[in-house]
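Peer 1: From first to last, the protein sequence lines stand for chains A and B.
The numbers in the numbering used here rise by one with no breaks, and the one at position 58 of the first sequence is 69.
The numbers in the numbering used here rise by one with no breaks, and the one at position 160 of the second sequence is 279.
In this text, a Cβ means the ideal position worked out from N, Cα and C, and glycines have one as well.
What follows is a single structure, and I will ask about it in a moment.
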Amino acid sequence: MQQNTELKINQLLVGNEKKTALLTLHGYIDSNTSIALKDKLLSLGGEIHRFVLDFSGIEYVSSAGWGVILARIKENREKGGDIVFAKMMKNVYSIYELLELNKVIKYFADAEEGLRYFGSLPSPSVVEVQKVKATEEKIEEPPKRFTIEGAICSLVNKNPLLNSSQIKKILQGPPYAFKHLNIFKVYFTLRRMGLHTREKRLYFAWQEAKKQIKG
Amino acid sequence: MMKIKVDRLAIFDNIYIIMDKIEFTLHGSFYPHNEIRNFVAEVCKRLGYNSKTVYEIKTATDEAFTNVVQHAHKHKEGKIKIKLVSDPKKITISVKDWGEPFKATSLKSRSPHDLVHTKKEGGLGVLLMARLMDRIRYVRRKTHNELIMVKYRKEKTNATKH
């Protein structure tokens, strides 16, 4: 059988205990490529029941594509989950409305909103509070000896919205003074720590904030 | 192997008639859905239809083609002929096959709610074609099936003159 290379599915597990799957789709979903999507939903379906399907890279969906998703919804809802859509191209969205799928499947403007619907991302108000706290607090003087990982944890905890370039600049300057730090070192360290995307840093900061509230 | 034959392109003042026959001999389970969609879309674009209408026509053609592959040919090798005929008022798409006859009732049209409750995947194609095209007719002749779909032009033509 022809390989379904015309549909790419990028998978990211997020949220509490990684129970929400963000599937970012690229290409088209027709009677040939829908098999790959069906296989992905089935393979994750044992553990995961909350799916956000990001359609931003999808140029075409046939009835086979819609059917594969619709057939999986009831099962996920019965287990307390759901399948939601995010960010469709105009033509794809017009078919979603034409088939009245908007009465059956929720749609969000982007993947972050879909993840928030499942409670898998901190709400904007939590992020805003953290940003305000980060600007108000003075930079603490770090202990004289510390590791890059420790410094990154501290920075991400204070401001999870910093990207790797911004983290590098802060670590190179006073008081951290990692003068020979380059962007690759920062990126691979973040990756090793599981903090290489904004979502993961937000989740990390949220977990730390929860611990502080409970503690 | 897919063969595309362009028989004739004739222009009469503002009437554009395109006689394109796309003949496919299907091998095994290889069905060039994407190539057919892109070809139909390209023809409709050159005929001056807007992008929304082009998308609707290419979707309906893909659905018709998929039905032939699944129901008339049962995913086996077979011959399918797709013809597009255009005039100033409309485009007519005919999908002809020499496969098994099928009853129109056997192609059930299901709503999205039905699919959610029954957990079945098929049935949206017929609904989609009916909503996208202005007219649909299925004809069973002695040796072949033919599905004829019509989409009326709603916008002024911006067709490319050859």
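So, do the region 247-258 of chain B and the region 171-191 of chain B have three or more beta carbon pairs nearer to each other than 8 Å?
Peer 2: As far as the Cβ criterion goes, the region 247-258 of chain B touches the region 171-191 of chain B, which means the pair count is three or higher.
Peer 1: Could you list the residues in the region 83-100 of chain A with a C-beta less than 9 Å from some C-beta on chain B, going in chain order?
Peer 2: Within the region 83-100 of chain A, the qualifying residues are Arg83, Ile84, Lys85, Glu86, Arg88.
Peer 1: Straight-line CA distance for Arg202 (chain A) to Gln218 (chain A)?
Peer 2: Using only the alpha carbons, I get a separation of about 18 Å.
Peer 1: Should Ala122 (chain A) and Val63 (chain A) be called a contact, given that it needs their Cβ atoms to be closer than 7 Å?
Peer 2: Contact: yes.
Peer 1: If you draw a straight line from the alpha carbon of Met99 (chain A) to that of Asp65 (chain A), how long is it in whole angstroms?
Peer 2: Rounded to whole angstroms, Met99 (chain A) to Asp65 (chain A) spans 8 Å at the Cα level.
Peer 1: Since I believe Val115 (chain A) is in contact with Pro231 (chain B) (beta carbons under 8 Å), could you give me their beta-carbon distance rounded to a whole number of angstroms?
Peer 2: Right, the Cβ-Cβ distance comes to about 5 Å (below 8 Å), so this counts as a contact.
Peer 1: Tell whether a beta-carbon distance below 7 Å holds between Ser175 (chain A) and Thr31 (chain A).
Peer 2: Not a contact, by the Cβ cut-off of 7 Å.
Peer 1: One question on the structure: do Ala183 (chain B) and Leu247 (chain B) come within less than 7 Å of each other, judged by their Cβ atoms?
Peer 2: No, the Cβ-Cβ distance between Ala183 (chain B) and Leu247 (chain B) is not below 7 Å.
Peer 1: Met268 (chain B) and Ile212 (chain B): beta carbons closer than 7 Å?
Peer 2: Going by C-beta atoms, Met268 (chain B) is nearer than 7 Å to Ile212 (chain B).
Peer 1: Can we say the region 82-96 of chain A touches the region 42-62 of chain A, given the rule of at least three CB pairs closer than 8 Å?
Peer 2: With the cut-off at 8 Å, the region 82-96 of chain A and the region 42-62 of chain A touch.
Peer 1: Answer with buried or exposed for Gln22 (chain A), where buried requires no fewer than 16 other C-beta atoms within 10 angstroms of its C-beta.
Peer 2: Looking at its Cβ environment, which holds fewer than 16 other Cβ atoms inside 10 Å, Gln22 (chain A) is exposed.
Peer 1: Give a yes or no on whether the C-beta atoms belonging to Ile40 (chain A) and Val72 (chain A) are separated by under 7 Å.
Peer 2: Yes, these two residues count as a Cβ contact at 7 Å.
Peer 1: Closer than 7 Å, CB to CB, is Leu112 (chain A) near chain B or not?
Peer 2: True, the Cβ-Cβ gap to chain B drops below 7 Å.
Peer 1: Just how far apart, CA to CA, sit Glu147 (chain A) and Arg209 (chain A)?
Peer 2: Only weak support is given to the placement of Glu147 (chain A): the predicted model assigns it a pLDDT of 46, under 50, and the question is left unresolved by the model.
Peer 1: Kindly indicate which residue of A:Ile94, A:Gly26, A:Glu28, A:Gly38 has the alpha-carbon position closest to the one of Leu53 (chain A).
Peer 2: Selected option, being the one with the closest Cα: A:Ile94.
Peer 1: Could you list which residues in chain B have their beta carbon closer than 7 Å to that of Ala47 (chain A), in chain order?
Peer 2: Neighbours of Ala47 (chain A) on chain B: none; closest Cβ ~14 Å, over 7 Å.
Peer 1: Which residue from A:Tyr187, A:Lys179, A:Gly205, A:Tyr214 puts its Cα closest to that of Asn193 (chain A)?
Peer 2: Nearest of A:Tyr187, A:Lys179, A:Gly205, A:Tyr214 to Asn193 (chain A), Cα basis: A:Lys179.
Peer 1: Is there at least one Cβ from chain A nearer than 7 Å to Thr185 (chain B)'s Cβ?
Peer 2: Yes, Thr185 (chain B) lies at the interface with chain A (some Cβ there is under 7 Å from its Cβ).
Peer 1: Looking at C-alpha atoms only, which residue of A:Gly161, A:Lys29, A:Phe195, A:Ile80 is the closest neighbour of His236 (chain B)?
Peer 2: Residue A:Ile80 is the option with its Cα nearest to His236 (chain B).
Peer 1: Counting only C-beta atoms, is His152 (chain B) closer than 7 Å to chain A at any point?
Peer 2: Closer than 7 Å to some Cβ of chain A, the Cβ of His152 (chain B) qualifies, so yes.
Peer 1: Helix or strand or just coil, what does DSSP make of Thr211 (chain B)?
Peer 2: Three-state result, Thr211 (chain B): strand.
Peer 1: Is Phe199 (chain A) closer than 7 Å to Leu206 (chain A) when the C-beta atoms are compared?
Peer 2: No, they are not a contact pair.
Peer 1: Looking at Leu203 (chain B) and Val173 (chain B), is the spacing between their C-beta atoms short of 7 Å?
Peer 2: No.
Peer 1: Identify, in the order they occur along the chain, each residue of the same chain with its Cβ nearer than 6 Å to the Cβ of Tyr118 (chain A), setting aside the five sequence neighbours on each side.
Peer 2: Cβ neighbours of Tyr118 (chain A) beyond the five flanking positions: Phe96.
Peer 1: May I have the straight-line CA-CA distance separating Phe158 (chain B) from Leu126 (chain A), to the nearest angstrom?
Peer 2: Cα-Cα distance, rounded: 38 Å.
Peer 1: Quick one: give me the first and last residue of the beta strand (DSSP E) that His263 (chain B) is part of.
Peer 2: Neither: His263 (chain B) is in no beta strand (DSSP E) and is coded neither H nor E.
Peer 1: So what's His207 (chain A) in DSSP terms, helix, strand or just coil?
Peer 2: His207 (chain A) falls in the coil class under three-state DSSP.
Peer 1: So Leu166 (chain A) contacts chain B; which residues on that side make the cut at Cβ distance below 8 Å?
Peer 2: What Leu166 (chain A) touches in chain B: nothing, since even the nearest Cβ is about 46 Å away.
Peer 1: Apart from the five residues just before and just after Gly244 (chain B), which ones in its own chain have a Cβ nearer than 7 Å to its Cβ?
Peer 2: Glu182, Thr185, Asn186.
Peer 1: For Leu228 (chain A), list the residues DSSP reports as bridge partners.
Peer 2: Coverage of chain A is limited to positions 12 through 226, which leaves residue 228 (chain A) absent and any answer about it impossible.
Peer 1: With distances taken from CA atoms, which of B:Glu175, B:Lys239, B:His152 is nearest Lys101 (chain A)?
Peer 2: Closest by alpha carbon: B:Glu175.
Peer 1: Where Glu139 (chain A) and Glu108 (chain A) are concerned, what is the direct C-alpha to C-alpha distance, given to the nearest angstrom?
Peer 2: Per-residue confidence for Glu139 (chain A) stands at a pLDDT of 48, beneath the threshold of 50, marking its modelled position as unreliable; the derived number appears in the next sentence. Near 34 Å, if we compare the C-alpha coordinates of Glu108 (chain A) and Glu139 (chain A).
Peer 1: When burial is assigned at 16 or more other CB atoms within 10 Å of the CB, is Lys195 (chain A) buried or exposed?
Peer 2: According to the sequence provided, residue 195 (chain A) is Phe. The question's Lys does not apply to it. The residue is exposed, with fewer than 16 neighbouring Cβ atoms inside 10 Å.
Peer 1: Thinking C-alpha only, which one of B:His263, B:Ile201, B:Gly241, B:Lys209 is nearest Glu154 (chain B)?
Peer 2: Among B:His263, B:Ile201, B:Gly241, B:Lys209, the Cα nearest to that of Glu154 (chain B) belongs to B:Ile201.
Peer 1: Measure the C-alpha to C-alpha separation of Asn27 (chain A) and Gly242 (chain B) and round it to an integer number of angstroms.
Peer 2: Rounded to the nearest angstrom, the two C-alpha atoms are 37 Å apart.
Peer 1: For a cutoff of 7 Å on Cβ pairs, would you count Glu78 (chain A) as touching chain B?
Peer 2: Checking the sequence, you will find Gly at residue 78 (chain A) rather than Glu. Yes, Gly78 (chain A) lies at the interface with chain B (some Cβ there is under 7 Å from its Cβ).
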